Each structure stands twice: as structure tokens, then as C-alpha cells.
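This report concerns only the one structure given below.
Residue numbers (mature numbering (1 follows the signal peptide of the UniProt record, and there is no 0)): -20 to -1, 1 to 305.
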């Protein structure tokens, strides 16, 4: 590539040397034709320019390297939920207040063979009350003596020879008077009601009344003869309120000169009733008999406190049926 430039330098040097040689050897002038000047060396053909090399194929820029796929931002981790507030164990439920056990009601006694009696001891002249049972509805026992009662109503006067007086016009109970071993008995016996009704009911029926004459507060009949006791046929009415457990009975003794008519009050307890303590001189006791308390019967006693023949005291038995409204 640098060789052409060296040849041009040598040619120029020779031209300069020739000029110097012609001018030496004295100062005389000689006429000489002016030499044709040596034309200047032709401008040397410049060396062919170094061809511009073809532009090199540009090295393509290094491709922008595909950046590595960015590490994907991991999804935000699902935040650990706070530990759930633990569900507290279900509280032990407060058990409902137990239904208070109601006081045990006085159970209604089952239907049974109930017998109540007034026993008049003619020897000791005393009156006592007996509550027991019977084996047959129409057999009454007085001081160990069994007396068979007829199936028909018999209202004859009570005597030692004719030893009973009975009201058997009811279906579930009999009541009346009987005598045995020198003792008189006023009795009521029957089959008590098993299932008591509700509401109210009215009853009416008959009374077998004995004038006590000289029956005092101790139940003693004083006087020279038991015959001082007289018998009467009376009537009664009663109202039972099964809801309020109260009974009111009006006893018309039939003895208008002495006991007359008295009102007795009682408390109903199951299928029985008994007077309260508000009137100790007037007591009543009995029960309800048959289905739905269809019948009522009982005994009563009135004591006026006198101890002479003018006493109004008396006692007796009664029985009757429920009245339809």
C-alpha cells in the first residue's frame, strides 16, 4: 500500500541534482539559448486511491439479548389468615328450670267398698263412728253380726225384732239403720266414684234422722232409756263444687220441734267429703258413688250442748241422686 509514495521522492531528488551541476565552473556568461524548461514533472498520477474498502458489513448490533424472563413476581402469598378465633365450646345449655313437682294431689281413691256407721251402744249409751269396708253391698255388719238387707225399700220402724231400716232406692249405695247385739247402727255403704267430674252438681234425697235428746258433746246418750231416741224421715239438698272442693248440704231432719233444718259445710277430698273445723257442733261426712258421682250419701251429727230432755241434738244418714239441670 505505501510503495507509490517512495518512487515520487526519488524522482524529485534527481531533478534537483541536475540543476546544480549545470551552474558550476565560473561566473562567465554565455549566451545560451534558454533551455526549454524542463516541464515540470508531471504530476504524478496519484496512486490510485486506496479503494475505499466496501463498508464492512456492519456487524449487526448484538441483538438485544432477550432479557431473561423476569422472575415472575410470585403471587403475593395468600396471607396466612389469622388463626380463627376458636369457636368457644357451646356453653352447656342451662337446663330449663325443672317443672316444679306440684304437691302430690290427694289421690282420688279408687272405687272401693266404703262403709261408715254410727253405732249406738244401748248398754253404755254411747255413740261412736266406724269407717270400714263391706264384702257385699247389701250385707251390713253391726258389732260382728251380719244383717242381710232386702232388695226392696223397707221403711218399717227399727226394732229389735225387725232389725233394719234401709233406703235402697239408689244404684250404688245403701243407707239406713240396723241393730244387732243390743247396738243400733246408722250406716252408709257403697261403691265410691273412681273418676270425679268437674264443675258443680246438685243433689237431693232422703234422710233418716235420730233425735239425740240427751246426746252430749262426748257422744253419750244419757237418760233412763234408749227409747228417748226417736226416728224421723227427712229430706236434704246439697251443692257440690268440684273445682273449689266445697260442699254445702241443707239437712231437713223432719224433727221440726228440735233440730229442724241445719246447713252443713264440708271440704271435698277426692271422692269423699268431710266437714271443716269451723263448726264443731255440726259435722258431716260422706262420699260420692257411682260413675260421674251420680249419687251421694253420708252421715251428719248436730250437738247443741244441752244434757237434758230438751236437747235439740240429733244425728242421721242421708242419700240421694244428682239432679239434672
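Glycine included, each C-beta is placed from N, C-alpha and C at the ideal position.
Every value quoted in this text rests on a predicted model; they were computed, and no experiment measured them.
- Between residue 188 and residue 170, the C-beta gap is not smaller than 9 Å, which leaves the two residues out of contact.
- Counting the other CB atoms within 10 Å of its CB gives residue 173 a total of 16 or more, which places it among the buried residues.
- For residue 263, the enclosing beta strand (DSSP E) stretches over residues 262 to 269.
- If you draw a straight line from the Cα of residue 65 to the Cα of residue 73, it comes to about 21 Å.
- Under DSSP, residue 179 forms no beta bridge with any residue.
- Under the criterion of beta carbons closer than 8 Å, residue 183 and residue 303 qualify as touching, at roughly 6 Å.
- Contact check for residue 158 against residue 167 passes: the beta carbons are separated by less than 9 Å.
- Residue 119 is bridged by DSSP to 128.
- In this structure, residue 152 lies away from residue 265, with their beta-carbon atoms at least 9 Å apart.
- It is roughly 11 Å from the alpha-carbon of residue 181 to the alpha-carbon of residue 268.
- Shown here, residue 63 sits in coil according to DSSP, grouped into three states, outside any helix or strand.
- With fewer than 16 other CB atoms across the displayed protein chains lying within 10 angstroms of its CB, residue 119 is exposed.
- A distance below 6 Å between beta-carbons, with the five flanking residues on each side excluded, links residue 155 to the following residues of its chain, in chain order: 147, 168, 277, 297 and 299.
- Counting the other CB atoms within 10 Å of its CB gives residue 175 a total below 16, which places it among the exposed residues.
- Shown here for residue 263: same chain residues with a beta carbon closer than 6 Å to its own, the five before and five after excluded, namely 255 and 281 in chain order.
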